[in-house]
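K.L.:
Count along the first sequence from 1, then add 1434; that gives the number in the working numbering.
Ideal Cβ placement from N, Cα and C applies to all residues, glycine included.
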Amino acid sequence: MTNDQPAPLSTDFFARPTLTVARELLGCRLVRQIDGATLSGVVVEAEAYIGPTDTACHASKGRTPRTEVMFGPPGRAYVYLIYGMYHMLNLVTEAEDFPAAVLIRAVEPQTGLDRMQARRAKPGRPPLKPAALTSGPGKLCQAFGIDLAFNGWPVTTGEQLWLERGQTVPDSHVATGPRVGITYAAPEDISAPWRFWLRGNPFVSG
DNA sequence: CAGACGATTGCCT
DNA sequence: GGCAATCGTCTGT
1435 MTNDQPAPLS TDFFARPTLT VARELLGCRL VRQIDGATLS GVVVEAEAYI GPTDTACHAS
1495 KGRTPRTEVM FGPPGRAYVY LIYGMYHMLN LVTEAEDFPA AVLIRAVEPQ TGLDRMQARR
1555 AKPGRPPLKP AALTSGPGKL CQAFGIDLAF NGWPVTTGEQ LWLERGQTVP DSHVATGPRV
1615 GITYAAPEDI SAPWRFWLRG NPFVSG
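1) With distance defined between alpha-carbon atoms, name the residue in I1616, I1580 and S1606 nearest to M1519.
2) Identify, in the order they occur along the chain, each residue of the same chain with its Cβ nearer than 8 Å to the Cβ of E1530, setting aside the five sequence neighbours on each side.
3) Within 10 angstroms of the Cβ of Y1618, are there 16 or more other Cβ atoms? Answer buried if so, exposed if not.
4) By how many angstroms is the C-alpha of P1486 removed from the C-alpha of A1493?
5) What would DSSP say about G1475, mapped onto helix, strand or coil?
6) Where G1615 and R1500 are concerned, what is the direct C-alpha to C-alpha distance, given to the nearest angstrom?
7) Report back the beta-carbon spacing between R1549 and L1473 to the nearest angstrom; my notes put them in contact at under 8 Å.
8) Could you check what DSSP says for I1468 in three-state terms: helix, strand or coil?
9) Take the Cβ of K1563 as the centre, count every other Cβ of all protein chains shown within 10 Å, and call the residue buried at 16 or more, exposed below.
10) Whose C-beta lies closer than 7 Å to the C-beta of D1488 among residues of the same chain, with five residues either side of it excluded?
11) Rounded to whole angstroms, what's the CA-CA distance from V1513 to S1606? Just pull it up for me.
12) Do the CB positions of R1457 and V1608 come within less than 8 Å of each other?
13) Starting from M1392 and walking both ways along the alpha helix (DSSP H), at which residues does that stretch end?
14) Between the beta-carbon of T1590 and the beta-carbon of P1442, is there less than 8 Å?
15) If you draw a straight line from the alpha carbon of P1533 to that of F1630, how long is it in whole angstroms?
16) How is A1583 classed by DSSP in three states: helix, strand or coil?
17) How long is the line joining the alpha carbons of A1490 and C1575, rounded to whole angstroms?
18) Whose C-alpha, out of S1569, K1556 and W1587, is nearest the C-alpha of G1640?
Here you go:
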């Protein structure tokens, strides 16, 4: 039978080197089904966190209840709470028992912007501009309704939360640089160019 | 069990 | 540009 719907990215997609996955996630669509609506956005910024020797990676401090998901099979979500208020969405990569993940830092909203607006709105404040809806890891989780309930969620089944291959992004459109907010890490990890984004895209967190 | 802190955000000066 | 918000997780007593 024919099927016009794009398939969710598979386990094989995530079971590769984390830098490769982070780079190739650019241009892919993040899709969320919630309250009978479909929200989606194109990934425009992502960061790689790679294994036990990467001191910026949570799992470098060992296997704990929180980091357990990163030691598990690829293609699952690693979601955690930061500063008591914001959720971060990561996708587990590489082989089982090698703890690594890609942090989705920003998406360009495509569908369901009104729902995102409603989720992000603050009482007594003017409506947010589209560029403010999902231009940060905490923002996009709030806009997409992603919280700790999704920790460990398989993003390869096409239910509730998944990714789809999008338009191929040429290397000339990709910029790389150091990761954001990891001042506690070792100098060589702070300077590693493991952040990827679409050059000039206004939805990048900056 | 107390205490420190964080892969952020948004309000305030 | 400074800084408070707010809580799960981890460390050390």
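P.N.:
Quick look at the numbers:
1) Just measuring C-alpha positions, the residue of I1616, I1580 and S1606 sitting nearest M1519 is I1580.
2) Counting only Cβ-Cβ distances below 8 Å, and skipping sequence neighbours, we find F1505, G1506, P1507 and P1508.
3) Under this definition Y1618 is an exposed residue.
4) Each residue's Cα considered, the two are about 6 Å apart.
5) The DSSP-derived three-state label of G1475 is strand.
6) Roughly 19 Å between the two C-alpha positions.
7) Contact between R1549 and L1473 is confirmed by a C-beta separation of about 6 Å, below the 8 Å threshold.
8) In the structure shown, I1468 sits in a strand (DSSP, three-state: E or B).
9) By the C-beta density criterion, K1563 is exposed, having fewer than 16 other C-beta atoms within 10 angstroms.
10) S1494 and D1623.
11) Per the coordinates, the alpha-carbon of V1513 lies some 31 Å from the alpha-carbon of S1606.
12) In this structure, V1608 lies closer than 8 Å to R1457 by Cβ.
13) Given that the chain is displayed from residue 1435 to residue 1640, the structure contains no residue 1392 and the question cannot be resolved.
14) A contact, by the Cβ cut-off of 8 Å.
15) Spanning the two alpha carbons is a distance of roughly 20 Å.
16) Three-state DSSP puts A1583 in a helix.
17) Cα to Cα, A1490 sits roughly 21 Å from C1575.
18) Of the candidates S1569, K1556 and W1587, the one whose C-alpha sits nearest the C-alpha of G1640 is S1569.
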